[in-house]
Amino acid sequence: MTERVTIGNRVLIGPHSFITDHNHQLNGIGPISLQGCESNPVSIGDDVWIGTGATILPGVKVGTGAVIAAGAVVTHDVDDLDIVGGVPARHIRSRRDADLASDNTEVEQNQEAK
Numbered sequence: 001m002t003e004r005v006t007i008g009n010r011v012l013i014g015p016h017s018f019i020t021d022h023n024h025q026l027n028g029i030g031p032i033s034l035q036g037c038e039s040n041p042v043s044i045g046d047d048v049w050i051g052t053g054a055t056i057l058p059g060v061k062v063g064t065g066a067v068i069a070a071g072a073v074v075t076h077d078v079d080d081l082d083i084v085g086g087v088p089a090r091h092i093r094s095r096r097d098a099d100l101a102s103d104n105t106e107v108e109q110n111q112e113a114k
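For what it's worth, the UniProt record's numbering labels the leading residue of the sequence shown as 1, then goes sequentially.
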């Protein structure tokens with residue numbers, strides 16, 4: 001298994017966070033130690049903030065400018081500029097919201113360039 005974790009530029013990762021591209025398989029009632037592992041790549045975009053103690057599981061893509069709340073367990077993709085939190089992590093709001101917007105010019109330019 002040679003999957004990997006890719007982390008973009010200017011990413012803040014809080015202490016005790018866990019990002020993994022591997023997980024144990026669970027196939028029936030046989031011995032767990034003999035059921036092997038599975039892997040899926042993880043991608044973290046640019047300008048992401050991952051809060052303290054967050055967990056990001058295999059196969060997740062975190063979009064540019066996203067925020068992962070402290071203690072969140074991310075099991076699904078996170079869109080650009082979204083804020084997620086909880087167990088499992090759920091959408092809280094977008095950084096595009098007027099009350100949070102300060103200067104997203106660079107993020108928006110990066111998105112337009114894609």
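Glycine included, every Cβ here is placed at the ideal spot set by N, Cα and C.
Spatial neighbours of residue i in its chain, beta-carbon cut-off 8 Å, leaving aside the 5 residues before and after
i	result
residue 12	48, 49, 50
residue 90	84
residue 77	60, 61, 62, 63
residue 74	54, 55, 56, 57, 60, 62, 68, 84, 88, 89
Residues that DSSP places opposite residue i in a beta bridge
i	result
residue 24	37
residue 94	82
residue 73	55
residue 7	44
residue 19	56
residue 87	The partner list for residue 87 (beta bridge, DSSP) is empty, contrary to what the question assumes.
residue 13	50
residue 68	50, 84
Beta-carbon spacing of residue i, residue j below 8 Å
i	j	result
residue 52	residue 15	yes
residue 80	residue 59	no
residue 56	residue 8	no
Contacts around residue i, its chain only, beta-carbon distance under 6 Å, and the 5 residues preceding and following it disregarded
i	result
residue 25	35, 36, 38
residue 117	Outside the shown range of the chain (1 to 114) lies residue 117, about which nothing can therefore be said.
residue 94	81, 82
Beta-carbon contacts of residue i that lie in its chain and below 7 Å, excluding the five residues immediately before and after
i	result
residue 177	In the structure displayed, the chain extends from 1 to 114; residue 177 sits before or after that span and is not available.
### Query
So does the stretch 64-78 actually touch the stretch 23-40, counting three or more Cβ pairs closer than 8 Å?
no
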